[in-house]
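Residue numbers (the working numbering), protein chains in the order written: chain V, 1 to 250; chain Y, 251 to 574.
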């Protein structure tokens, strides 16, 4: 069995995100990158499934050489090898990322394609679903529990009204939600081992992709309007008075 | 002139209110492209849904009502929506941005070769079509344009007023569609049952944070408060992760539900970036926290630095008395 896990680097989710002075782009001057938290959930689950089913876990990422730092972290968690598609990760939209990953999947023929449900930079929540459609696979998104048996993945999903359980035939796409698992910290011996694991570099031409035009393009960035500063009240009575007379919600 | 198709969201034959937010966005786009809009609804036993959709100005309500659609599954629903797009001749396809829209619409976009705008919070000014959407947990608002002939959009319900009825009637037409079953099968739902208003639809939301210590205390403090205000109850991610008594679908935040009620009361919530992403557009925000430096106070209109275990019962009692 083979599990292909998409792994994206993102700006540290706890960093204060600022725009450059001319608002043309995010100010990446002093930022740190981390693996997208949801991708870590996906990788953790893949590793757990792999140990139960004697499967190989392969990481795929899209980006330049700098992204290999996060890939090595994923290899240290327990993936066997990695594929990096050499494309500037600032020149992607969800659809191009999906077409690239679908092309890698066609080469690798995984039984399960695991994604994080969303990347916390773009917050698009599209790539897993797009890949599933491009490959004609069923999907189980926002997974909080996965069990693989008898050629199916039985997945409990977090939906607006609660939980839903579906069964998807392999090969399939699964996208991970936060409560799927707690990603492991790599131990030093695993980090050392990861240095020897392969990261294969692919070009778009290796994947037969020549159309890199973006379907969705960012044309402007702005910070949302700040809320007017609030006031502190010193008692419950004072709060109720404000809610009645000022906010008029009581 | 271009046509718009709104994909209605329904559960067990009941229309979800978030659909009316998508209708509002449809009307805003219609003001720019002028071709009118249809609505499609897919499921089983939909007469209640089609009745509820009358009077909003749709030209037609397309309906795919069959046993095969009783429980939502991505592949057959995506095919049915694509058939509705063909029937309607739509270039714009809009669904509310909940777990339904987010799950199915990317597949529709891929089928149509269309760019998809996820979580649209508004249109850009001007005659050209630009869509505003949040990035980085809402710390950045991006304006995007779509370069394909068709455009697929999920509309964030908290950012659009529900459409109001304008009268008239829409023709209800059966949609001819018989999708392949696909590779998934439905097993079961475990839906949270509550007498309280739905989190994404409530006028007043009260949310509890990690400061409430444990699940029992969470409910002891939050239930009377919600009763007093007639509110929905939300929670932070820290709470749903650590208190087994609080279900995950109560999470308000970047990766949970996004709400913008008239009044949001954050109880013992510190105010992490990811939580703020889910509530900072609420009309009035109240924070009650014993730590006066908690980041939540930076977005609160009214902040009460106090022990929630004392202040909230007092607030609940006094508000209940005032409202009765």
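All residues carry an ideal CB built from backbone N, CA and C; glycine is no exception.
Neighbour list for residue i in chain V, Cβ cutoff strictly below 8 Å
i: residue 513 of chain Y; result: 243, 247 and 249
i: residue 289 of chain Y; result: Per Cβ cutoff of 8 Å: no residues; residue 289 of chain Y is ~20 Å from chain V at best.
i: residue 484 of chain Y; result: Per Cβ cutoff of 8 Å: no residues; residue 484 of chain Y is ~13 Å from chain V at best.
First through last residue of the beta strand (DSSP E) which encompasses residue i
i: residue 288 of chain Y; result: 284 to 293
i: residue 254 of chain Y; result: 252 to 257
i: residue 366 of chain Y; result: 365 to 370
i: residue 200 of chain V; result: 199 to 202
i: residue 458 of chain Y; result: 454 to 458
i: residue 95 of chain V; result: That residue, residue 95 of chain V, is in no beta strand (DSSP E); its alpha helix (DSSP H) goes 94 to 108.
i: residue 245 of chain V; result: Here residue 245 of chain V belongs to no beta strand (DSSP E); instead the alpha helix (DSSP H) covers 236 to 245.
i: residue 134 of chain V; result: Per DSSP, residue 134 of chain V belongs to no beta strand (DSSP E); it is in the alpha helix (DSSP H), 127 to 135.
Where residue i meets chain V, residues with beta-carbon distance less than 7 Å
i: residue 385 of chain Y; result: 121, 122 and 123
i: residue 438 of chain Y; result: 165
i: residue 368 of chain Y; result: 124, 125 and 126
C-beta neighbour in chain A for residue i, strict 8 Å
i: residue 144 of chain V; result: The displayed structure is made up of protein chains V and Y, and chain A is not among them.
Within chain Y, partners of residue i - CB distance below 8 Å
i: residue 253 of chain V; result: Chain V is shown from 1 up to 250; residue 253 of chain V falls before or after that span and cannot be answered.
i: residue 69 of chain V; result: Chain Y residues near residue 69 of chain V: none, gap ~20 Å exceeds 8 Å.
i: residue 220 of chain V; result: 374, 380, 392 and 393
i: residue 40 of chain V; result: Going along chain Y, no residue has its Cβ under 8 Å from residue 40 of chain V, so there is no contact; the nearest lies around 13 Å.
i: residue 9 of chain V; result: By Cβ distance, chain Y contributes nothing, its closest Cβ being about 14 Å from residue 9 of chain V, past 8 Å.
Per-residue contacts from residue i into chain Y (C-beta, under 9 Å)
i: residue 162 of chain V; result: 439, 440, 441, 442, 443, 497, 498 and 499
i: residue 232 of chain V; result: 542, 547, 550, 552, 553, 554 and 555
C-beta atoms of residue i and residue j nearer than 8 Å
i: residue 131 of chain V; j: residue 173 of chain V; result: yes
i: residue 144 of chain V; j: residue 321 of chain Y; result: no
i: residue 18 of chain V; j: residue 222 of chain V; result: no
i: residue 58 of chain V; j: residue 2 of chain V; result: yes
i: residue 6 of chain V; j: residue 81 of chain V; result: no
i: residue 420 of chain Y; j: residue 310 of chain Y; result: yes
i: residue 344 of chain Y; j: residue 272 of chain Y; result: yes
i: residue 486 of chain Y; j: residue 509 of chain Y; result: no
i: residue 411 of chain Y; j: residue 274 of chain Y; result: yes
i: residue 247 of chain V; j: residue 291 of chain Y; result: no
i: residue 312 of chain Y; j: residue 288 of chain Y; result: yes
i: residue 36 of chain V; j: residue 112 of chain V; result: no
i: residue 62 of chain V; j: residue 31 of chain V; result: no
i: residue 230 of chain V; j: residue 522 of chain Y; result: no
i: residue 94 of chain V; j: residue 126 of chain V; result: yes
i: residue 180 of chain V; j: residue 103 of chain V; result: no
i: residue 585 of chain Y; j: residue 527 of chain Y; result: With chain Y covering only 251 through 574, there is no way to say anything about residue 585 of chain Y.
i: residue 348 of chain Y; j: residue 88 of chain V; result: no
i: residue 396 of chain Y; j: residue 362 of chain Y; result: no
i: residue 337 of chain Y; j: residue 315 of chain Y; result: no
i: residue 251 of chain Y; j: residue 284 of chain Y; result: yes
i: residue 371 of chain Y; j: residue 383 of chain Y; result: yes
i: residue 555 of chain Y; j: residue 568 of chain Y; result: no
i: residue 202 of chain Y; j: residue 484 of chain Y; result: Residue 202 of chain Y is absent from the model: chain Y starts at 251 and stops at 574.
i: residue 558 of chain Y; j: residue 462 of chain Y; result: yes
Extent of the continuous alpha helix (DSSP H) run through residue i
i: residue 472 of chain Y; result: 465 to 479
i: residue 41 of chain V; result: 37 to 53
i: residue 351 of chain Y; result: 349 to 362
i: residue 115 of chain V; result: First-last for residue 115 of chain V: 112 to 116, but that is the beta strand (DSSP E), not the alpha helix (DSSP H).
i: residue 492 of chain Y; result: 487 to 492
i: residue 180 of chain V; result: Note, residue 180 of chain V: premise wrong, no alpha helix (DSSP H); not H, not E.
i: residue 332 of chain Y; result: 324 to 338
Interface partners of residue i on chain V, CB under 9 Å
i: residue 352 of chain Y; result: 117, 118, 125, 126, 129, 141 and 142
i: residue 323 of chain Y; result: 138 and 166
i: residue 304 of chain Y; result: Under the 9 Å cutoff, chain V gives no residues; its nearest Cβ is about 25 Å from residue 304 of chain Y.
Contacts that residue i makes with chain Y (C-beta to C-beta distance below 7 Å)
i: residue 179 of chain V; result: 491 and 498
Cβ contact check for the stretch 73 to 87 of chain V and the stretch 179 to 196 of chain V: 3 or more pairs under 8 Å: As far as the Cβ criterion goes, the stretch 73 to 87 of chain V touches the stretch 179 to 196 of chain V, which means the pair count is three or higher.
Residues, ordered as in the chain, of the stretch 549 to 567 of chain Y that lie near chain V by beta-carbon distance below 8 Å: 549, 550, 551, 552, 553, 554, 555, 556, 561, 564 and 565
Members of the stretch 187 to 218 of chain V that neighbour chain Y once the beta carbon cut-off is set at 8 Å: 213, 214, 215, 216, 217 and 218
Three or more C-beta pairs below 8 Å linking the stretch 366 to 384 of chain Y and the stretch 135 to 148 of chain V: The stretch 366 to 384 of chain Y makes no contact with the stretch 135 to 148 of chain V, as fewer than three CB pairs between them are under 8 Å.
At least 3 beta-carbon pairs within less than 8 Å: the stretch 49 to 56 of chain V vs the stretch 146 to 155 of chain V: yes
Touch test, the stretch 544 to 557 of chain Y against the stretch 466 to 482 of chain Y, Cβ-Cβ under 8 Å, three pairs minimum: no
Three or more C-beta pairs below 8 Å linking the stretch 513 to 523 of chain Y and the stretch 450 to 463 of chain Y: yes
Cβ contact (3+ pairs, closer than 8 Å) linking the stretch 392 to 407 of chain Y and the stretch 433 to 448 of chain Y: no
Three or more C-beta pairs below 8 Å linking the stretch 105 to 116 of chain V and the stretch 175 to 193 of chain V: The stretch 105 to 116 of chain V vs the stretch 175 to 193 of chain V: in contact.
Chain Y contacts made by the stretch 78 to 95 of chain V, where a contact means CB separation under 9 Å: Taking 9 Å as the Cβ-Cβ cut-off against chain Y, the residues of the stretch 78 to 95 of chain V that qualify are 93, 94 and 95.
Contact the stretch 549 to 569 of chain Y vs the stretch 234 to 241 of chain V: 3+ CB pairs below 8 Å: yes
Any 3 or more C-beta pairs closer than 8 Å across the stretch 90 to 104 of chain V and the stretch 120 to 134 of chain V: yes
Interface residues of the stretch 330 to 357 of chain Y facing chain V [CB-CB below 7 Å]: 348, 349, 352, 353, 356 and 357
Three-pair Cβ contact test at 8 Å for the stretch 321 to 332 of chain Y versus the stretch 351 to 365 of chain Y: Short answer: they touch.
Interface positions of the stretch 524 to 539 of chain Y facing chain V (Cβ-Cβ less than 9 Å), listed along the chain: Near chain V, meaning a CB-to-CB distance below 9 Å, the residues of the stretch 524 to 539 of chain Y are 524, 527, 530, 531, 533, 534, 535, 536, 537 and 538.
Chain-ordered residues of the stretch 272 to 298 of chain Y with a beta carbon less than 7 Å from chain V: Within the stretch 272 to 298 of chain Y, no residue has a Cβ lying closer than 7 Å to any Cβ of chain V.
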